[in-house]
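Let me begin by presenting the structure, written as structure tokens, before commenting on it.
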Amino acid sequence: MSGFRKFFLTLFSLMFCVSTAFADKTMSADVVVVGGGGSGTAAAYSAAQSGAKSVIVLEKQPSPGGTGKFSEGIFGAESKMQQERNIVLLKDDAFKMIMNYSHWRANAKLVRAFVNKSPETIDWLEAQGVEFQELTANYPGGLQSWHIFKGRGKTMLETLRAKFPQLNITLLSETAGKSIIMKDGKAAGVIAEDVEGEKVIINAKAVVIATGGFLNNKEMLKKYTRFPDIVPVGNVGKTGDGIQMMIDAGAALEGTEVVQSYRPGMPGEATDSQLIATARQPYLWVDPHGERFCDEMIIFQWPFAGNALERIGGLMYAVFDTNTKNYMMQQGLDVGVGVMVPVKTKLTKLDAELDRGIKQGIAYSGKTIEELAQKMGADPKVLRATIERYNTFAEKKHDDDFAKDPKYIQAVAKGPFYAVKSMPTALGTLGGAKVTENLQVVGTNGKVIDGLYAVGNDAGGMYGDSYDLLMAGSTIGFAVNSGRIAGEHAGKYISTVK
Ligand SMILES: Cc1cc2nc3c(=O)[nH]c(=O)nc-3n(C[C@H](O)[C@H](O)[C@H](O)COP(=O)(O)OP(=O)(O)OC[C@H]3O[C@@H](n4cnc5c(N)ncnc54)[C@H](O)[C@@H]3O)c2cc1C
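Residue numbers (this note's numbering): 15 to 512.
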């Protein structure tokens with residue numbers, strides 16, 4: 015063999031080996047769902063129950079569940095659980111309350127579809143084996159719409175996932191959706207990347223985007239919301255992938271400014287931190303100068319607390335004295351932290367937690383108000399004036415400034431005095447692609463993009479400018495209900511695709 019021939023043969027065999035080693039993986043399914051959390055799990059399940067013979071779920075993390083696994087309970091109106099307990103929450107009333115809360119900025123048809131589906135979804139979850147442990151409201155006087163899962167969202171999602179094999183749903187973990195395949199203006203699959211960085215092509219008749227919003231994407235928070243520095247709570251990896259994929263495919267956006275702002279907190283503090291629990295009580299809150307800025311009872315409706323905190327620049331201090339510290343340790347909390355730290359929990363570890371916080375620079379103590387102010391970086395004269403005025407409100411049992419319920423005006427009188435630093439936190443972002451009431455994505459040209467659905471925190475239109483806590487359970491509620499509606503629609507739509 016001539017040297018020339020030998021060279022080319024070697025080159026060809028090398029090229030063959032290289033192309034085989036890097037060959038794209040190609041798969042196909044009736045429906046591909048990007049994101050295996052609350053909404054994606056429900057969408058895959060419903061698509062399979064509605065005619066899809068094969069469904070692929072892509073999950074970029076090693077295990078599925080997303081933020082959905084942290085959720086405690088789901089919204090429902092006119093559910094059987096409510097009827098059994100003589101709790102009247104009519105679908106008509108829930109719909110009107112949601113629309114009025116949003117000043118009719120929300121998508122009325124979408125909200126109506128969500129509310130109408132909500133009781134049936136609770137029955138559906140029970141039929142799949144999901145159990146509920148109680149029905150409650152999120153704060154005193156709130157609506158009894160929060161159907162609490164036994165074992166939290168984690169168990170609810172595991173229960174659904176257990177049936178994936180029999181429904182021919184394939185879950186691909188550590189496989190991230192990257193872009194939507196478009197053919198003739200319709201969604202026709204997804205290009206993904208597996209853990210080795212290899213390209214995976216999934217051809218499908220319908221695509222559901224369920225990647226959980228963009229709370230962990232700093233740039234998107236800055237671009238779309240009022241909360242560029244908000245502290246994310248819960249699952250990581252909510253980096254707006256799906257929303258970006260939909261923008262690239264021509265989607266219009268809606269409601270991207272809405273953030274599910276949560277109780278004040280600090281980065282790295284656990285949701286059951288006893289230190290941070292003190293900043294979540296309706297006592298005295300001051301801004302960095304030492305001035306009071308709100309009726310602290312907005313802690314009960316924490317989206318309001320997020321808004322008020324954002325107005326003062328995103329940093330506050332909860333200030334209390336030794337009497338209130340002892341009250342929290344011996345009598346317990348006036349405000350619980352979800353169902354994780356119930357009301358009246360005694361903060362028995364608070365002394366140790368305060369010492370830890372002081373060392374970390376997120377808590378302060380002073381024998382006098384002036385010493386406390388200096389350590390906090392506040393103006394000692396301003397903090398003293400604030401506390402003296404506040405103590406007059408405690409004395410006369412009336413808050414002249416912000417009309418707080420006198421029950422929660424605790425005088426700040428007995429040293430040592432304490433302050434706990436805190437910032438707005440959030441559980442998620444709540445806007446994304448503009449959708450119809452069937453969760454079909456609407457393009458920037460105003461027309462539906464056939465075969466493309468956005469669900470859960472990747473869809474916009476459920477809220478106005480702030481999260482609505484009156485409807486307890488509405489975000490996992492929207493995730494599961496929007497997933498179900500999209501899955502059912504996609505299941506029918508694919509029969510029309512050749
Ligand atoms: C502590 C906590 C408690 C909560 N409690 C409640 C409650 O009691 N009631 C309530 O209504 N709501 C609650 N929520 C909010 C609720 O959990 C969320 O609104 C809901 O889970 C959102 O569902 P989702 O499907 O949009 O997102 P997720 O459940 O977060 O799912 C998104 C999934 O997509 C994956 N993903 C992201 N990018 C990609 C990609 N490129 N490719 C593939 N996969 C990707 C993520 O890893 C994730 O698994 C709570 C949230 C937290 C943090």
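Cβ coordinates follow ideal geometry from the N, Cα and C atoms, glycine included.
The beta carbon of K395 sits closer than 7 Å to none of the beta carbons in its chain outside the five residues before and after it. Approximately 16 Å separates the beta-carbon atoms of A220 and A206; this is outside 8 Å, ruling out the contact.
For K197, the enclosing beta strand (DSSP E) begins and ends at A190 to K197.
Residue range Q288 to T292 is occupied by the alpha helix (DSSP H) that includes Q288.
Not a single heavy atom of ligand 1 lies less than 7 Å from the C-beta of E188.
The C-beta distance from A218 to D44 rounds to 6 Å, short enough to fall under 8 Å. Under the criterion of beta carbons closer than 8 Å, M280 and I376 qualify as touching, at roughly 5 Å.
Residues of the same chain with a CB within less than 6 Å of the CB of A201, apart from the 5 flanking positions on each side, are I194, V221, G465 and L466 in chain order. In the three-state reduction of the DSSP assignment, A201 falls in the strand class, which pools E and B.
The beta carbon of L171 is closer than 8 Å to those of G51, G52, T55, P78, G79, G82 and K83 in its chain, skipping five residues each way along the sequence. For H161, the enclosing beta strand (DSSP E) covers residues W160 to F163.
In the DSSP assignment, F128 falls within the unbroken alpha helix (DSSP H) covering A122 to A141. Approximately 6 Å separates the beta-carbon atoms of A468 and M260; this is inside 8 Å, confirming the contact. With the rule of 3 Cβ pairs closer than 8 Å, the stretch 497–509 does not count as touching the stretch 175–182. Inclusion of M342 and L329 in the CB contact set at 8 Å is not warranted, their separation being larger than that value. Around N249, the same chain offers G80 and T81 as residues with beta carbons nearer than 6 Å, after the five sequence neighbours per side are excluded. Contact annotation: the stretch 222–238 does not touch the stretch 420–427, with fewer than three C-beta pairs closer than 8 Å.
Rounded to whole angstroms, L157 and C308 show a C-alpha spacing of 24 Å. Boundaries cannot be given for N152, as no alpha helix (DSSP H) includes it and DSSP labels it neither H nor E.
Annotation: M330 is outside any alpha helix (DSSP H); the continuous beta strand (DSSP E) that includes it extends over M330 to F334.
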